[in-house]
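Scroll down for the structure; my scribbles are underneath it.
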Amino acid sequence: MVIHIDNKEYNIKSGKNLLEACLSVGLDLPYFCWHPAMGSVGACRQCAVKVYKDENDTKGRLVMSCMEGVKDGLYLSIEDKTAKEFREQVIEWLMTNHPHDCPVCDEGGACHLQDMTVMTGHDYRRFKYKKRTYTNQYLGPLIHHEMNRCIQCYRCVRYYRDYAGGDDLNVFAAHNHVYFGREKDGVLQSPFSGNLSEVCPTGVFTDKTLKEHYTRKWDLTMSPSVCNHCSVGCNTIAAERYGELRCILNRYNGDVNGYFLCDRGRFGYEFVNSENRIKRVIIRNRAGEASTEEELMQHLQPLVSMSKIIGIGSPRASLESNFALMQLVGKQNFYQGISEDEAHLNRVCIDVLQSGSVHSASLKEIEQADAVLVVGEDIWNTAPMMALAVRQAVVKTAGAEASQHVQIPVWLDSAIKELAQEDKGFLAVLNVSASPLDELATHAWHATPDDLSRAAFAIAAYLQPGKLQADNFSEELTNQAKAIGEALKQAKNPVIITGVSSYNDNVIKAAFDIAASLNTAGRKTGMACVMTECNSMGLALMDAPAFNHAMDSVRPNGHATAVILENDLYRHLTPNLVDNFLNKCDHIIVLDSLHNSTTEKASVLLPAATFAEGDGTLVNNEGRAQRFFQVIPNADTQVKESWQWLWKMQMLRSQKVNGHVLHPDELLQKMETDMPQFKGITSVSPGHDYTIHGERIPREPHRYSGRTAIQANKNVSEPKPFYDGDSPLSFTMEGFKGVPPSWAVPFFWAPGWNSVQSVAKYQDEPNGSLKGGNPGVRLLQDKKKENADLFFKDVPEQFVITKDKWLLLPKFHVLGSGELSGYTKALEVLSPELFAIISPKSAEALNVKEGDMLQLTDAGIAYGSLPVKVLDNMCDGVVFVNAGSRGTVGMNWGTRINLAKVN
Amino acid sequence: MFSHIRTIWLTFLHLFRKKVTIEYPEEKVKLHPRWRGRIVLTKDPDGGERCVGCYLCAVACPVDCIALQATEDENGRRYPEFFRINFSRCIFCGYCEDACPTYAIQLIPDFEMAEYNRQNLVFEKPDLLIDSQGKYPGYNFYKVAGMDAGVKQKGEGENEEAPVDIHSLMP
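Here the protein sequences line up with chains D and Z, keeping their order. Numbering-wise (full-length UniProt numbering), the first sequence opens with residue 1 and increments by one. Numbering-wise (full-length UniProt numbering), the second sequence opens with residue 1 and increments by one.
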């Protein structure tokens with residue numbers, strides 16, 4: 001529809017409010033309380049505009065643009081004198097109590113309040129009276145609180161409580177004394193609390209880890225990156241200064257993470273700066289361990305020329321690195337560095353997603369689902385952002401449904417909330433353990449993986465009657481299946497979420513059966529399979545055998561060299577298995593970024609780049625390939641991307657030295673030709689020689705400071721800026737000025753918009769996709785296929801509890817589970833200690849109580865003993881062990897083990 | 001011909017005028033307090049470092065010759081961990097002083113900074129920090145800033161009310 005803004009015509013999508021309309025056509029209009037992901041409440045009165053009756057009306061009336069919907073042929077004015085004065089006055093009131101501390105405020109330079117103050121033109125404080133003050137609270141190691149700066153926009157509580165479902169942040173007191181904080185000092189409980197620092201338009205909530213090495217936004221070298229800490233693959237901005245990674249910011253991607261990140265992703269970056277980093281080449285068992293690159297190459301020459309060379313890939317290394325390793329060792333000698341079980345589960349996930357019968361759902365699609373079923377995956381802890389998306393699906397469906405009956409637009413947040421009250425969309429959680437997601441669920445049911453899959457098969461059987469004999473299931477299961485199945489049938493866009501963390505392939509198969517049964521005409525069914533690591537999907541797509549097969553391929557005294565890529569094998573596999581393998585190999589070459597149990601065994605250790613020092617591509621659980629770009633210059637160090645090292649080794653092996661510099665896009669091209677499953681991977685980002693009008697895209701904002709002083713202490717003559725030939729992004733502030741293509745957005749900035757709110761200038765419309773489409777390429781294409789092959793024949797037997805054998809399952813933790821994120825001190829403090837978690841009934845059977853020690857053994861493998869923790873809501877017959885944290889060892893998850901009390 | 005004689009005559013007359021040049025370096029130049037010379041970092045009246053590491057000088061600098069890193073003491077008071085000015089690049093424009101919100105960075109009337117070795121023109125914080133308030137005596141940023149950084153408690157600053165009692169419902 002057409003509306004007239006300051007006598008100019010604009011085409012606007014219907015259903016928007018005036019503020020969204022103005023922003024989407026690129027006009028500047030100040031606002032505070034409105035947030036694209038949270039809608040309007042009209043609390044701050046900042047976005048006032050004049051609306052006119054018709055073109056002859058000269059008087060008009062002031063309205064809050066966020067509270068008024070667009071109408072065809074509407075006339076409004078942003079520039080009207082009264083509207084401008086009104087907006088300036090609102091800011092002036094807000095500033096009467098705003099403290100004089102921008103110089104020491106972490107928000108300064110990226111502050112929405114600063115931007116809006118400048119935009120309205122307010123510049124002089126006429127108010128002659130004293131400023132109000134507040135005392136601050138301790139909110140934990142992640143978020144800093146400085147309440148004086150508050151402008152009472154209510155965004156924080158609306159985000160924290162309504163959007164993220166937290167309940168320990170609230171608003172207190174009354175009139176001009178309102179206070180946003182906790183009831184008393186303490187750690188913020190929500191694992192999404194980090195977003196407060198971006199949601200708050202001023203500096204009340206700021207990133208506490210950034211405070212340790214504070215840098216202003218304008219001084220950061222930034223590049224588009226992808227989160228490394230789970231399989232969801234949220235888009236991030238990695239920011240560097242003085243050779244250190246300083247912070248992680250959200251990078252909007254309408255299909256994936258939208259405006260938010262979880263705390264593991266936002267704060268888990270400190271491993272990059274860790275003292276535990278491998279920074280030099282180390283050749284062990286000879287005098288002087290550290291070596292130059294030349295010495296290394298001499299040393300490696302005989303090793304890589306050996307007849308038998310085995311490559312162990314990694315689910316957390318980039319596709320490029322894994323592929324370079326495959327190129328070096330040959331396809332027949334390349335193995336996934338994960339257990340047979342996990343590889344099998346990943347394979348099942350890919351098989352079902354590639355079968356063409358169901359659509360692999362993105363986070364955005366999950367957010368828009370009208371019914372969600374979670375089977376056998378603790379997404380709150382293994383894929384936190386997916387849990388947040390599920391929450392939106394549940395909360396917003398109710399709102400959307402309610403708004404259809406009365407004429408209330410969906411963006412009118414408080415009215416919709418009032419209308420929906422406690423109504424929720426449909427969510428069923430069938431899981432092995434309880435999680436905060438259960439509170440939202442219509443059905444929450446906890447059982448062992450076998451029983452879960454039976455429950456899921458029962459639902460599938462209900463959806464496609466006649467395919468399975470119903471008398472297989474108990475009455476309880478049948479009734480539950482009926483209730484859930486009926487709700488799923490009602491839905492238009494149901495999503496079925498499952499994953500590998502319950503270590504049971506039947507769970508995934510059953511989830512697929514449900515999704516495939518639902519995929520009938522008029523219904524778009526999505527399915528999401530959560531995996532363990534950031535590139536689990538990419539590695540699984542390469543279709544290599546699991547680690548266990550590498551064992552068989554090495555004969556004792558076979559003079560084999562093992563090349564282990566960015567993988568702590570002891571985390572994924574049982575220690576005896578890894579020891580056996582490593583003992584059989586003559587030489588062990590390890591590429592990794594941090595010292596761990598596997599790097600200890602290396603005879604040659606090569607310093608690999610983390611996501612911050614290298615380029616690469618990761619595939620998330622949706623099958624979306626996404627590129628991350630280097631942000632820390634590595635000219636002075638020996639740190640290189642693994643694919644660079646492997647390429648050098650390949651040159652050694654083939655004895656070809658032609659001085660060719662390898663670029664990641666060449667590797668991807670080769671990958672696309674060699675492996676058809678990666679078709680389309682080259683279009684994730686253009687080649688390294690891509691330019692816009694002959695200019696590269698700068699990683700530094702144009703206000704970047706200190707160029708001629710940063711390195712002056714070493715040498716007063718400035719060196720040439722670091723040149724990275726791997727990508728179209730440059731390490732300088734010179735280059736293309738404007739909105740870069742969506743895959744190459746190093747930071748969000750627009751004239752007058754220094755804060756993160758400037759993202760609106762990079763989008764087609766608020767909350768929409770980035771200009772030119774959201775980045776990332778989906779490798780799993782939807783194929784139209786009728787009559788999916790179902791797995792109905794695989795219904796397992798009911799789980800039988802035995803007193804001597806206990807099912808061993810991993811228990812993940814939303815902040816603590818992450819090999820790399822564990823290096824962030826703040827997250828380490830917040831992660832749980834190692835426990836063997838059992839149900840009260842199991843504790844009774846084992847005759848143990850909380851605090852006792854339990855000995856865990858599995859067919860001769862001693863896992864050591866762990867203190868017992870007894871938790872309600874855990875299924876009987878199962879022992880859960882905290883998994884995924886830094887320093888935990890691999891176990892045979894999903895198998896039955898012996899438990900014994902230690903006296 | 002006439003003009004030549006006139007020129008010689010005028011030059012001759014200058015012999016009896018007062019000298020404009022001085023015998024530098026024996027005799028020093030008289031400089032005004034606002035003359036823009038060497039850059040220093042000053043201290044507040046209470047002897048604390050005035051610089052709060054806000055990076056405004058660095059971003060204002062047209063030749064980008066200032067680099068610093070902010071850090072905090074146990075009270076949350078910001079100060080620069082290092083502060084480097086590359087005087088071989090500095091154009092003494094004074095923008096840094098203009099930008100400074102705490103009167104920390106000041107240009108003083110001293111230009112005698114010549115060095116044989118360019119590297120010696122890189123000044124670090126110990127070279128820059130002086131034990132004086134410089135041109136602006138009496139100003140302590142933390143007394144007027146809202147936050148509590150060990151200088152004053154919340155509400156004790158100039159123009160501040162006592163902290164809000166959030167349990168009170170009184171108007």
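Idealized CB from N, CA, C, for every residue including glycine.
Residue i - DSSP class collapsed to helix/strand/coil
{"i": "TRP35(Z)", "result": "coil"}
{"i": "GLY538(D)", "result": "helix"}
{"i": "CYS57(Z)", "result": "helix"}
{"i": "SER742(D)", "result": "helix"}
{"i": "ARG778(D)", "result": "strand"}
{"i": "MET874(D)", "result": "coil"}
{"i": "residue 929(D)", "result": "Since the displayed chain D opens at 1 and closes at 903, residue 929(D) lies outside it and no answer follows."}
{"i": "PRO664(D)", "result": "helix"}
{"i": "ASP586(D)", "result": "coil"}
{"i": "MET891(D)", "result": "coil"}
{"i": "ILE85(Z)", "result": "strand"}
{"i": "VAL578(D)", "result": "helix"}
{"i": "PRO810(D)", "result": "strand"}
{"i": "MET527(D)", "result": "strand"}
{"i": "ALA324(D)", "result": "helix"}
{"i": "ILE697(D)", "result": "strand"}
{"i": "GLY616(D)", "result": "strand"}
{"i": "GLN336(D)", "result": "strand"}
{"i": "THR236(D)", "result": "strand"}
Range covered by the alpha helix (DSSP H) that runs through residue i
{"i": "LEU303(D)", "result": "293–304"}
{"i": "CYS100(Z)", "result": "Here CYS100(Z) belongs to no alpha helix (DSSP H), and DSSP marks it neither H nor E."}
{"i": "LEU820(D)", "result": "Counting along the chain, LEU820(D) falls outside any alpha helix (DSSP H), and DSSP gives it neither H nor E."}
{"i": "PRO449(D)", "result": "449–463"}
Close beta carbons around residue i, own chain, < 6 Å, minus the five adjacent residues each side
{"i": "PHE205(D)", "result": "ILE143, LEU196, SER197"}
{"i": "residue 178(Z)", "result": "The question about residue 178(Z) has no answer, for chain Z in this structure spans 1 to 171."}
{"i": "VAL29(Z)", "result": "none"}
{"i": "GLY140(D)", "result": "VAL187, LEU188"}
7 Å Cβ shell around residue i - same chain, five flanking residues per side excluded
{"i": "SER783(D)", "result": "This sequence places Lys at residue 783(D); Ser is not what is there. Within the same chain, LYS783(D) has close Cβ partners GLY356."}
{"i": "ASN346(D)", "result": "VAL500, MET531, SER536, ALA540"}
{"i": "ASP185(D)", "result": "GLN137, TYR138"}
{"i": "VAL410(D)", "result": "GLY399, ALA400, SER403, ILE416"}
{"i": "ALA883(D)", "result": "PRO810, LYS811, PHE812, SER817"}
{"i": "ARG277(D)", "result": "SER593, LEU594"}
Residue range of the beta strand (DSSP E) that includes residue i
{"i": "GLU765(D)", "result": "Where GLU765(D) is concerned, there is no enclosing beta strand (DSSP E), given that its DSSP letter is neither H nor E."}
{"i": "GLY399(D)", "result": "Premise fails: GLY399(D) lies in the alpha helix (DSSP H), 384–405, not in any beta strand (DSSP E)."}
{"i": "SER77(D)", "result": "75–77"}
{"i": "VAL144(Z)", "result": "Unbroken run through VAL144(Z) is the alpha helix (DSSP H), 141–144; no beta strand (DSSP E)."}
{"i": "PHE628(D)", "result": "624–628"}
Proximity test, residue i beta-carbon vs the ligand GTP heavy atom, cut-off 7 Å
{"i": "THR610(D)", "result": "For the ligand GTP, the structure offers nothing, since it holds no ligand at all."}
Sequence-distant residues of its chain with Cβ nearer than 8 Å to residue i (five each side left out)
{"i": "ALA48(D)", "result": "LEU62, VAL63, MET64, SER65, ALA83, PHE86, ARG87, VAL90"}
{"i": "GLY258(D)", "result": "ALA37, TYR252, LEU363, LYS364, GLU367, ASN767"}
(Q) Output needed in chain order: residues of the UniProt domain "4Fe-4S ferredoxin-type" (81–110) of chain Z with a Cβ under 7 Å from some Cβ in chain D. (A) ARG84, ILE85, ASN86, SER88, ARG89, PRO101, THR102
Q | Proximal residues, the segment 55–68 of chain Z versus chain D, C-beta separation under 9 Å | A | Listed by position, the residues of the segment 55–68 of chain Z near chain D (Cβ gap below 9 Å) are TYR55, LEU56, CYS57, ALA58, VAL59, ALA60, CYS61, VAL63, ASP64, CYS65, ILE66, ALA67, LEU68.
(Q) Please identify, using Cβ separations under 8 Å, the residues of the segment 159–191 of chain D that lie next to chain Z, in order along the chain. (A) PHE172, ALA173, ALA174, HIS175, HIS177, TYR179
Q. Quick check: the segment 100–115 of chain Z against the segment 32–40 of chain Z, are there 3 or more CB pairs under 8 Å?
A. yes
Q) Which of the residues in the segment 704–732 of chain D, read from start to end, lie with their CB under 7 Å from any CB of chain Z? A) SER705, GLY706, ARG707, THR708, ALA709, ILE710, ALA712, ASN713, VAL716
(Q) For the segment 110–117 of chain D against the segment 161–180 of chain D, do three or more pairs of beta-carbon atoms, one drawn from each stretch, fall closer than 8 Å, so that the two count as touching? (A) Using a Cβ-Cβ distance cut-off of 8 Å, the segment 110–117 of chain D and the segment 161–180 of chain D are not in contact, since fewer than three pairs of beta carbons, one from each stretch, lie closer than that value.
Q: May I ask you to list, following chain order, the residues of the segment 80–104 of chain D that have a beta carbon less than 7 Å from some beta carbon of chain Z?
A: PRO99, HIS100, ASP101, PRO103, VAL104
Q.
Quick check: the segment 222–229 of chain D against the segment 805–823 of chain D, are at least 3 beta-carbon pairs closer than 8 Å?
A. yes
Q | Contact the segment 658–672 of chain D vs the segment 333–347 of chain D: 3+ CB pairs below 8 Å | A | Pairwise C-beta distances place the segment 658–672 of chain D out of contact with the segment 333–347 of chain D, as fewer than three of them are shorter than 8 Å.
(Q) If the cut-off is 8 Å on Cβ atoms, which residues from the segment 107–123 of chain D count as contacting chain B, listed in chain order? (A) As a matter of chain content, chain B is missing from the structure shown, whose protein chains are D and Z.
(Q) If contact is defined by three or more beta carbon pairs under 8 Å, each pair taking one atom from either stretch, is the segment 864–880 of chain D in contact with the segment 548–564 of chain D? (A) Taking a contact to require three or more Cβ pairs closer than 8 Å, the segment 548–564 of chain D and the segment 864–880 of chain D do not qualify as touching.
Q. What are the residues of the segment 208–221 of chain D that lie near chain Z, defined by any Cβ-Cβ distance shorter than 9 Å?
A. Here the close residues are LYS211, GLU212, HIS213, TYR214, THR215, ARG216, TRP218, ASP219.
Q | Cβ contact (3+ pairs, closer than 8 Å) linking the segment 84–93 of chain Z and the segment 115–123 of chain Z | A | yes
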